[in-house]
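Step one of this worksheet: look at the structure below.
Protein chains: 2
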Amino acid sequence: MGLNTTSEIDIVRVSSSKIDSIDFENISFGTTFTDHMFVCDFREGNWQRPQIKPYEPFLLDPSAKVFHYGQAIFEGMKAYKDEHDDVWLFRPDQNMDRFNKSAKRMAMPEVPEDIFMSGLHQLIDLEREWVKKGLGNTLYIRPFMIAIGSGVIAAPSTQYRFMIILSPAKSYYSGEVKVIIAEHFSRAANGGIGAAKAAGNYSAQFYPTKLANEKGFQQIIWTDDATHTKLEEAGTMNVFFRINDTLFTAPTSERILDGVTRKSLISIAERDGINVEVRSVLVSELVEAAKDGSLKEVFGAGTAAVVNPIVGFSYQDVYYELPKIENSFALQLKDKLNSIQYKLADDTFGWTVKV
Amino acid sequence: MGLNTTSEIDIVRVSSSKIDSIDFENISFGTTFTDHMFVCDFREGNWQRPQIKPYEPFLLDPSAKVFHYGQAIFEGMKAYKDEHDDVWLFRPDQNMDRFNKSAKRMAMPEVPEDIFMSGLHQLIDLEREWVKKGLGNTLYIRPFMIAIGSGVIAAPSTQYRFMIILSPAKSYYSGEVKVIIAEHFSRAANGGIGAAKAAGNYSAQFYPTKLANEKGFQQIIWTDDATHTKLEEAGTMNVFFRINDTLFTAPTSERILDGVTRKSLISIAERDGINVEVRSVLVSELVEAAKDGSLKEVFGAGTAAVVNPIVGFSYQDVYYELPKIENSFALQLKDKLNSIQYKLADDTFGWTVKV
């Protein structure tokens, strides 16, 4: 018997749920986890029997490869509850595909579809009470994989742990977001791991972001590391620029993550007659457009915040404030995407999957 | 009372040592650890009381930041035993300084000198039986720090664990090393984290290295990511090129690790009248020198292997074999460095520190 049927996950339930102790109205992002987690280990060349079990810490050896060589990848996804109490995933196939692309780039084993998808569905099914109704309420889903093999020789691990943990989340509002355009620090190298959701890509941004925060900016828009002339992404979000009535966003590449929100917004915009150009945008173009008034909007797109309007940017110590406009593309696209995710509008793209 | 005296480390010893079960003659690198480990946690803005305790696994939450965002750094050092059974460290101040530079770049707290150094000395003192006499025998030392705070929001942790673990090692011989010059993949970005001993820098190299292995090459010499024309480092080693009787090695930079072995070899070479030029070497220069016979040696320099002679390199699918030469600079420098480390020669530089 293989691992092809969903019945083969061992399930150990908590004796009593902690759900009643959670204040769902006042929950901060990524800090509260549900009762259970999904775990599947890889060793001796094979994925082992998957388990759903109580969410709890686990033991690792001090020499575990994840601590020393950073073999670790993740995904970010959400589940939504509609008016009929049905729970929906949004394009989970896209996250699974990207997870396995990340795995390959980090020399980690790919997770078979049946393990990824049946783990996801059965875990969320068990935790469906944790998905709350109402626009903005979601269950944030974090699939991740770490190298758990021991030994401090710099080589890929032979043992891995794939896990899924779940965290209830409110609508993510980060306040007014001002950004700095990167002039010195960089997120990714040509031929590097920028396109992978590898753990190390994120910690690499913490120090430059801290410096930006100290100057009063919340995020950085990264540029290409060789010339710092091309706008790339914001580290946890892809970025869109509206110049007059055209939306621009950088093409995905080895340096830029292939964001699910990014490509979904492009599809919605194109369907609804907004002109979208997927091409590199130069910093100089952005500055010029800000100066001549043709720059109407800049916004980030990612799973956590969905769409994050940016109110201004700094480049070479000059701050450019964006206009407040009617008929914001950012807000229109966010509404349309949310309507699909919460099943308030027809899902003409076939993106939603019932749990 | 502060943490300034070495007496303030809590020490819990194993009930019985496993040392007698270890076959020190047949030990593979980085897989056997000594009886004890050093642990010091950082939380609420302060380093806590350090501990030396039995080497053992520890518990982490599934949402620990190290798993998701790769906040993790390390160092590699060695202890040596001389003919009088004294145990010596080699330039530990250099490792501590680099560790704290890595910490800063990864937005982690710096480890105070008293914690780093007294932890190092007391742990090794306790384990001095594990350091075996004889050239090539060492105790490999792995200080490292990981983010142990919980939560899947992409921001620096507020809790960290600094640890030192020890692994007895034999002379590291990796066989004949052939390398590929990187033409597509890269190790580090301008403005990135290449100069830090950050965990994520290592796993990023595993996949390209695997591809090189499949072609019969053991390692990659990385080039600058923007043009792939400048030779940089080998990922776990800095690289030296001998053209006629001059040694060349790339300057350290944001992209290149400031190796302790690298700079020690430069000092020894300069003292002993070998001409050293610290400058970028172009791939085209290397190929030309290989063709006209002026390229005499290429070797890596790092803590694990000390000096690792390279027998040939591949570039654009052409393999260039290096000549077998008398009076190898690589072997001379290795002997001289080892003689200092094992106290067989006068340490005129003042590099060795007694435990």
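Protein sequence lines correspond, in order, to chains A and B.
With positions in the first sequence counted from 1, the corresponding number in the working numbering is that position plus 135.
With positions in the second sequence counted from 1, the corresponding number in the working numbering is that position plus 135.
Here a beta-carbon is modelled for each residue, glycine too, at the ideal position from N, C-alpha and C.
So, is the C-beta of Gly286(B) closer than 8 Å to a C-beta in chain A? yes
Could you tell me the alpha carbon to alpha carbon distance between Ala480(B) and Phe297(B), rounded to whole angstroms? 34 Å
Length-filtered (3 minimum) beta strand (DSSP E) runs lying within the stretch 194 to 238 of chain B: 207 to 209, 212 to 216, 222 to 225
Check whether chain B comes within 8 Å of Lys239(A), counting only Cβ atoms and requiring the distance to be less than that. yes
Identify every run of the alpha helix (DSSP H) within the stretch 331 to 373 of chain A, keeping only runs that are complete inside it and at least 4 residues long; order them along the chain. 334 to 349
C-alpha distance - Ser399(B) paired with Ser388(B), whole-angstrom precision: 17 Å
What separation, rounded to the nearest whole angstrom, lies between the Cα atoms of Gly165(A) and Ala339(A)? 20 Å
Contact set for Trp265(A): own chain, Cβ-Cβ below 6 Å, skip 5 residues either direction: Thr169, Leu274, Pro303
Within 8 Å (strictly less), CB to CB, does Val246(B) reach chain A? no
Lys93(B) to Ile276(A) span [Cα, whole Å]: Examination of residue 93(B) is not possible in this model, given that chain B is present from 136 through 490 alone.
Quick check on Glu210(A): buried or exposed, where buried means 16 or more other Cβ atoms within 10 Å of its Cβ? buried
According to DSSP, residues forming a beta bridge with Gln186(A): Asp145(A), Val174(A)
For the alpha helix (DSSP H) containing Lys267(B), name the first residue and the last one. Here Lys267(B) belongs to no alpha helix (DSSP H), and DSSP marks it neither H nor E.
When Gly435(A), Ala330(A), Ala361(A) are compared against Phe383(A), the one with the closest alpha-carbon: Gly435(A)
Near-chain A residues of the stretch 338 to 359 of chain B - C-beta to any C-beta below 7 Å: Ser338, Ala339, Phe341, Tyr342, Lys345
Compile a chain-ordered list of the residues in the stretch 199 to 212 of chain A whose CB is closer than 7 Å to at least one CB of chain B. Val201, Phe202, His203, Tyr204, Gly205, Gln206, Ala207, Phe209
Quick check on the DSSP output: the beta strand (DSSP E) that includes Asn443(A) runs from which residue to which? 441 to 450
I'd like the span of the alpha helix (DSSP H) that includes Arg397(B), first residue to last. 395 to 406
Contacts of Tyr190(B) in chain A (Cβ-Cβ under 8 Å): Pro197
Taking 8 Å as the CB-CB limit, is Leu270(B) close to chain A? no
What do you reckon, are the CB atoms on Asp208(A) and Met243(A) nearer than 8 Å? Correcting the residue type first, residue 208(A) is Ile in the shown sequence and not Asp. Cβ distance < 8 Å, so Ile208(A) and Met243(A) count as in contact.
Would you kindly report the start and end of the unbroken beta strand (DSSP E) that includes Ile475(A)? First-last for Ile475(A): 464 to 476, but that is the alpha helix (DSSP H), not the beta strand (DSSP E).
Cβ pair Asn230(A), Met212(A) closer than 8 Å: yes
Among residues of its own chain, excluding the 5 on either side of Arg377(A), which ones have a beta-carbon nearer than 6 Å to its beta-carbon? Lys431, Glu432, Phe464
Report, in whole angstroms, the separation of the C-beta atoms of Ala347(B) and Ile356(B), which I expect to be a contact under 8 Å. Contact flag wrong, Cβ pair sits at about 10 Å.
Residue-level contact to chain B via CB, Asn230(A), 8 Å cutoff: no
How should Asn139(A) be labelled, buried or exposed, when 16 other C-beta atoms within 10 angstroms of its C-beta is the threshold for buried? Because the pLDDT of Asn139(A) is 45, which lies under 50, any placement of that residue in the model is unreliable, and the number read from its coordinates should be weighed accordingly. By the 10 Å Cβ count, Asn139(A) comes out exposed.
Straight-line gap, Asn443(B) to Ile144(A) (C-alpha atoms, nearest Å): 48 Å
Whose C-alpha, out of Ser150(A), Pro458(A), Glu179(A), is nearest the C-alpha of Gly284(A)? Glu179(A)
Have a look at Lys153(B) and Glu262(B) and give me their C-alpha separation to the nearest angstrom. 11 Å
Interface positions of the stretch 291 to 308 of chain B facing chain A (Cβ-Cβ less than 8 Å), listed along the chain: Pro291, Met298, Ile300, Ser302
Does DSSP classify Met280(B) as helix, strand or coil? strand
Give a yes or no on whether the C-beta atoms belonging to Gly205(A) and Lys313(A) are separated by under 8 Å. no
Here's a check: name, in chain order, each residue in its chain whose Cβ is nearer than 6 Å to the Cβ of Val416(A), leaving out the five neighbours to either side. Leu366, Phe376, Phe383
Smallest Cα separation from Leu392(A): which of Ser449(A), Arg233(A), Ile187(A)? Arg233(A)
Is the Cβ of Thr396(A) closer than 8 Å to any Cβ of chain B? no
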